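J.:
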Amino acid sequence: MKWNFDKIGKSLAAAVIGITAILTPAISSTVLAQGTAAVSNWTREVASQIKLNDSNTAPIINKEDLEKMSPDYLVWDTWPLQDRQGHPAVVNGYKIIFALTVPRDVIPGKRHDTAEIRYFYSKDGKGWELGGLVFNDGKALGSRQWAGSAFIDKDGKIHMFYTATGRKNETRLTYEQRIATTTGDIVTTNTTVTFKNWSDHKIILEPDGKYYQTQEQSNLGDLSYSFRDPYFFEDPKSGEQYILFEANTSGTAAERTCQPEQIGSIEFRQTHDTPEKAKLYNGSIGIAKASNGNLTEFKELPPLLEANCVNEELERPNVIVKGNNYYLFTKTHTGKFAPGLKGPEGLYGFTSSSLFGSYKPLNGSGLVIGNPGDNPYQGYSWLVMPNGTVISYVEYVDVEGKSIDEIGQESPEYQKEHFGGMLAPSLKISITQDRTDIVTEKKQGVFK
Ligand code: FRU
Numbered sequence: 025m026k027w028n029f030d031k032i033g034k035s036l037a038a039a040v041i042g043i044t045a046i047l048t049p050a051i052s053s054t055v056l057a058q059g060t061a062a063v064s065n066w067t068r069e070v071a072s073q074i075k076l077n078d079s080n081t082a083p084i085i086n087k088e089d090l091e092k093m094s095p096d097y098l099v100w101d102t103w104p105l106q107d108r109q110g111h112p113a114v115v116n117g118y119k120i121i122f123a124l125t126v127p128r129d130v131i132p133g134k135r136h137d138t139a140e141i142r143y144f145y146s147k148d149g150k151g152w153e154l155g156g157l158v159f160n161d162g163k164a165l166g167s168r169q170w171a172g173s174a175f176i177d178k179d180g181k182i183h184m185f186y187t188a189t190g191r192k193n194e195t196r197l198t199y200e201q202r203i204a205t206t207t208g209d210i211v212t213t214n215t216t217v218t219f220k221n222w223s224d225h226k227i228i229l230e231p232d233g234k235y236y237q238t239q240e241q242s243n244l245g246d247l248s249y250s251f252r253d254p255y256f257f258e259d260p261k262s263g264e265q266y267i268l269f270e271a272n273t274s275g276t277a278a279e280r281t282c283q284p285e286q287i288g289s290i291e292f293r294q295t296h297d298t299p300e301k302a303k304l305y306n307g308s309i310g311i312a313k314a315s316n317g318n319l320t321e322f323k324e325l326p327p328l329l330e331a332n333c334v335n336e337e338l339e340r341p342n343v344i345v346k347g348n349n350y351y352l353f354t355k356t357h358t359g360k361f362a363p364g365l366k367g368p369e370g371l372y373g374f375t376s377s378s379l380f381g382s383y384k385p386l387n388g389s390g391l392v393i394g395n396p397g398d399n400p401y402q403g404y405s406w407l408v409m410p411n412g413t414v415i416s417y418v419e420y421v422d423v424e425g426k427s428i429d430e431i432g433q434e435s436p437e438y439q440k441e442h443f444g445g446m447l448a449p450s451l452k453i454s455i456t457q458d459r460t461d462i463v464t465e466k467k468q469g470v471f472k
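By my numbering, the letter at position 297 of the sequence shown is numbered 321, and the numbering carries on one by one without gaps.
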């Protein structure tokens with residue numbers, strides 16, 4: 025048996041101190057119950073340190089210099105076919121990526137309502153060929169599909185995890201989000217990549233209302249709802265398999281108040297004002313553990329990290345391992361920070377020596393990559409590969425100081441002209457302990 029010192033430390037501390045919070049100036053954790061791991065908090069104190077600087081500001085994107093992935097489709101959240109260890113896979117010489125897509129005539133602000141997963145393949149990992157719809161038999165669950173992750177196993181089976189949003193054939197658009205999986209085979213020729221034999225799609229995760237908020241709880245006064253964006257992760261230390269996902273802390277708005285350990289240290293709390301409305305911001309990074317080898321049964325565990333009173337959407341979480349440390353990444357929008365806090369559209373990250381351990385913010389605040397101040401919506405949905413290469417897509421560029429809500433009110437022509445809908449130049453970050461730095465810009469869609 026392998027001892028988990030972190031966990032032992034925390035449950036002992038909980039037993040001895042008998043209180044709900046253990047505080048350090050940088051990060052805090054909330055002990056759920058005696059004997060269970062603690063949930064790390066992204067505190068208001070930590071988030072108040074967010075600042076763009078030379079190490080974390082993305083270079084300006086010039087949309088005109090870039091290539092569309094396809095003349096016919098807008099492309100946003102993208103994920104590569106990975107191997108079990110999380111490295112981009114090469115199948116008979118092909119690299120494969122999956123992406124959320126809609127036809128280019130859809131108004132960009134409406135793309136989430138009809139999103140479908142398409143795939144692209146490439147021999148050189150630079151120019152991408154559109155393969156088509158991944159699930160072209162109409163069997164995908166949901167009225168639309170949102171982000172996911174995929175890996176190819178040693179036996180050649182593809183495991184796809186995705187978000188089934190709404191219900192198939194619904195007459196009114198709903199925002200129910202469930203996590204689904206299916207497995208299939210990949211077929212390659214000298215010039216093509218196709219998929220076949222997708223198994224029956226199965227819902228594997230829905231919010232339990234205990235660790236993760238249900239839509240019913242959210243509807244009782246919260247601002248937004250999320251239970252989506254599965255990311256498959258096999259822990260190299262334990263060999264166990266997990267799904268990470270974006271969620272919200274359970275309970276209703278009326279039941280919640282901002283707790284000291286969500287705000288920060290005693291010194292910080294003495295001068296910091298937490299507005300009443302901050303309690304509506306309950307973003308969380310969830311985790312569930314596989315209970316069978318087929319990866320069709322998962323058990324929800326307490327979240328890895330929560331941003332209560334800080335941020336309401338911790339999107340597309342993923343984790344990589346470097347040396348002895350876990351690096352947990354998520355992305356969020358500037359408009360999702362609680363009142364009294366400010367952060368750019370960006371990639372944020374945390375590190376810990378144990379998967380369930382106390383996560384410390386990277387760079388003091390969590391900010392790893394932010395859009396530049398004069399092009400604040402230029403990129404989004406950064407995904408960090410195990411080698412530190414980060415992919416993302418081009419969102420809205422050159423919007424002349426407009427907020428995302430204002431962009432949404434603009435004419436369809438304006439939105440289409442300013443929305444990229446294509447992969448952005450990749451970025452390489454260096455990671456040293458709890459510090460990161462943007463080192464270089466690479467070509468669009470490059471994973472290396
Ligand atoms: C981030 C995101 C994801 C979601 C998708 C829906 O770009 O909000 O969380 O899966 O977009 O289009």
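The beta-carbon is built from N, C-alpha and C at its ideal position, and this holds for glycine as well. Computed from a prediction, not measured in an experiment: that's the story for all the values here.
(1) What three-state label does DSSP hand Gly469 in the structure shown?
(2) Using the Cα positions of Gly42 and Ala62, report the straight-line distance between them to the nearest angstrom.
(3) Buried or exposed: Pro132, going by 16 or more other Cβ atoms within 10 Å of its Cβ?
(4) Any contact between the segment 294-303 and the segment 248-264? By contact I mean 3 or more CB pairs, one from each, below 8 Å.
(5) Would you identify the three-state DSSP class for Asp101, choosing helix, strand or coil?
(6) If you draw a straight line from the alpha carbon of Pro49 to that of Ser289, how long is it in whole angstroms?
(7) Could you please give the first and the last residue of the uninterrupted alpha helix (DSSP H) stretch that includes Gln439?
(8) So, with DSSP's three-state summary, where would you put Asp429?
(9) Would you check if the distance between the CB atom of Gly275 and the CB atom of Gln237 is smaller than 9 Å?
(10) Run the CB neighbour count on Ser454, radius 10 Å, all protein chains shown included, and call it buried at 16 or more, exposed below.
(11) Is Gln294 near Val334, with beta carbons less than 9 Å apart?
(12) For Phe257, which of helix, strand or coil comes out of DSSP?
(13) Grouping DSSP H, G and I as helix and E and B as strand, with all else coil, what is Leu365?
(14) Is any non-hydrogen atom of the ligand FRU found closer than 8 Å to the C-beta of Leu229, if you look at the structure I gave you?
(15) Suppose only complete runs of 3+ residues qualify. What are the beta strand (DSSP E) ranges in the segment 349-397, listed by chain order?
(16) Would the beta-carbon of Ser405 fall within 9 Å of that of Ser389?
(17) Alpha carbon to alpha carbon, how far is Thr460 from Lys192?
(18) Which one or two residues does DSSP pair with His183 in a beta bridge?
(19) Rounded to whole angstroms, how far is the Cβ of Asn387 from the Cβ of Asn80, which I believe are closer than 8 Å?
(20) Comparing C-alpha positions only, which one of Leu229, Asn214, Asp209 sits nearest to Val220?
(21) Starting from Pro449, follow its DSSP beta bridges and name the residues at the other end.
(22) Are the segment 148-156 and the segment 164-179 touching by the rule of at least three beta carbon pairs closer than 8 Å?
(23) Out of Ala164, Asn65, Asn116, Ile309, which one is the CA nearest neighbour of Glu324?
(24) Tell me whether the beta-carbon of Glu337 lies closer than 9 Å to the beta-carbon of Gly307.
(25) By the 10 Å Cβ neighbour count, where 16 or more other Cβ atoms means buried, how is Pro127 classified, buried or exposed?
(26) Any chance the segment 235-254 sits against the segment 211-225, with 3 or more Cβ pairs inside 8 Å?
(27) Measuring straight from C-alpha to C-alpha, what distance separates Phe292 and Glu91?
(28) Taking the alpha helix (DSSP H) that Pro19 belongs to, which residues open and close that run?
(29) Can you tell which of Val463, Leu105, Ile228 has its C-alpha closest to the C-alpha of Pro315?
(30) Can you name the start and end residues of the alpha helix (DSSP H) that Phe292 belongs to?
(31) Do you know offhand how far Glu465's Cα is from Lys87's?
(32) Flag Thr205 as yes when its Cβ comes closer than 8 Å to any non-hydrogen atom of the ligand FRU, and as no otherwise.
(33) For chain C, check one thing: does any of its Cβ atoms lie closer than 9 Å to the Cβ of His442?
(34) Should Tyr97 be labelled buried (16 or more other beta-carbon atoms within 10 Å of its own) or exposed?
(35) Alpha carbons only, please: which of Val421, Pro436, Ile462 is nearest the one belonging to Asp89?
(36) Kindly give me the distance between the Cβ atoms of Ser64 and Tyr383, rounded to whole angstroms, as I take these residues to be in contact under 8 Å.
T.: Here's the rundown:
(1) Here residue 469 corresponds to residue number 445 of the sequence shown, with the count starting at 1. Coil.
(2) Translated into positions along the sequence shown, residue 42 becomes position 18. Translated into positions along the sequence shown, residue 62 becomes position 38. Unreliable positioning characterises Gly42 in this predicted model, as indicated by a pLDDT of 30, which lies under 50. The coordinate reading is nonetheless provided below. The alpha-carbon atoms of Gly42 and Ala62 are separated by roughly 14 Å.
(3) Mapped onto the sequence shown, residue 132 falls at position 108. By the 10 Å Cβ count, Pro132 comes out buried.
(4) no
(5) Here residue 101 refers to the residue found at position 77 when the sequence shown is read from its first residue. Three-state result, Asp101: strand.
(6) The count along the sequence shown starts at 1 and reaches residue 49 at position 25. The count along the sequence shown starts at 1 and reaches residue 289 at position 265. With a pLDDT of 37 at Pro49, under the threshold of 50, the modelled position of this residue cannot be trusted; read the value that follows with caution. C-alpha separation (whole angstroms): 5 Å.
(7) Mapped onto the sequence shown, residue 439 falls at position 415. It spans 436-442 - the alpha helix (DSSP H) in which Gln439 sits, taken as one unbroken run.
(8) For the purposes of this step, residue 429 is taken as residue 405 along the sequence shown, with counting starting at 1. Here Asp429 sits in helix by DSSP.
(9) Translated into the one-based positions of the sequence shown, residue 275 becomes position 251. Translated into the one-based positions of the sequence shown, residue 237 becomes position 213. For Gly275 and Gln237, yes; Cβs fall inside 9 Å.
(10) Start at 1 with the first residue of the sequence shown, and residue 454 comes out as number 430. Exposed: under 16 other Cβ atoms inside 10 Å.
(11) Mapped onto the sequence shown, residue 294 falls at position 270. Mapped onto the sequence shown, residue 334 falls at position 310. The answer is no: Cβ separation not under 9 Å.
(12) Numbered from its first residue, the sequence shown carries residue 257 at position 233. It is a strand residue.
(13) Against the sequence shown, residue 365 aligns to sequence position 341. Coil, per DSSP.
(14) Locating residue 229 in the sequence shown gives position 205, counting from the first residue. Because no heavy atom of the ligand FRU lies under 8 Å away, the Cβ of Leu229 does not count as near it: no.
(15) 349-356, 370-376, 391-394
(16) Residue 405 sits at position 381 when you count from the first residue of the sequence shown. Residue 389 sits at position 365 when you count from the first residue of the sequence shown. No, these two residues do not count as a Cβ contact at 9 Å.
(17) Reading the sequence shown from its first residue, position 436 is the one you call residue 460. Reading the sequence shown from its first residue, position 168 is the one you call residue 192. Thr460 and Lys192: Cα-Cα distance of roughly 42 Å.
(18) In the sequence shown, counting from the first residue as 1, residue 183 sits at position 159. Note: His183 sits in a beta bridge opposite Phe175, Thr207.
(19) On the sequence shown, position 363 is the one that residue 387 refers to. On the sequence shown, position 56 is the one that residue 80 refers to. About 7 Å separates the two Cβ atoms, so the contact holds.
(20) As a working note, residue 220 is residue 196 in the sequence shown. The sequence as given places Lys at residue 220; Val does not occur at that position. When each option's Cα is compared against that of Lys220, the closest is Asp209.
(21) As a first step, residue 449 must be located in the sequence shown, where it is residue number 425. Beta-bridge pairing links Pro449 to Gln468.
(22) no
(23) Within the sequence shown, the letter at position 300 stands for residue 324. Nearest option by C-alpha distance: Ile309.
(24) To locate residue 337, count along the sequence shown from 1; it is residue 313. To locate residue 307, count along the sequence shown from 1; it is residue 283. Contact: yes.
(25) Here residue 127 is taken as the residue at index 103 of the sequence shown, counted from 1. Looking at its Cβ environment, which holds fewer than 16 other Cβ atoms inside 10 Å, Pro127 is exposed.
(26) no
(27) Within the sequence shown, residue 292 is the residue found at index 268, counting from 1. Within the sequence shown, residue 91 is the residue found at index 67, counting from 1. Taking the straight line joining both Cα atoms gives about 47 Å.
(28) No answer is possible for residue 19: the residues shown for the chain start at 25 and end at 472.
(29) Translated into the one-based positions of the sequence shown, residue 315 becomes position 291. Looking at the sequence itself, residue 315 is Ser, so the reference to Pro does not match. The residue with the shortest Cα to Cα distance from Ser315 is Ile228.
(30) Walking along the sequence shown from the start, residue 292 turns up at place 268. Per DSSP, Phe292 belongs to the alpha helix (DSSP H) from 290-295.
(31) The count along the sequence shown starts at 1 and reaches residue 465 at position 441. The count along the sequence shown starts at 1 and reaches residue 87 at position 63. Cα to Cα, Glu465 sits roughly 15 Å from Lys87.
(32) Taking the sequence shown and counting its residues from 1, one reaches residue 205 at position 181. It does not: the Cβ of Thr205 is nowhere closer than 8 Å to a heavy atom of the ligand FRU.
(33) You won't find chain C in this structure, because it holds only one protein chain.
(34) By one-based count along the sequence shown, residue 97 stands at place 73. Its Cβ being crowded by 16 or more others within 10 Å, Tyr97 is buried.
(35) For the purposes of this step, residue 89 is taken as the residue at position 65 of the sequence shown. Measuring from the Cα of Asp89, the nearest candidate turns out to be Val421.
(36) Residue 64 sits at position 40 when you count from the first residue of the sequence shown. Residue 383 sits at position 359 when you count from the first residue of the sequence shown. Between Tyr383 and Ser64 the Cβ distance is about 4 Å, and since that is below 8 Å, they are a contact.
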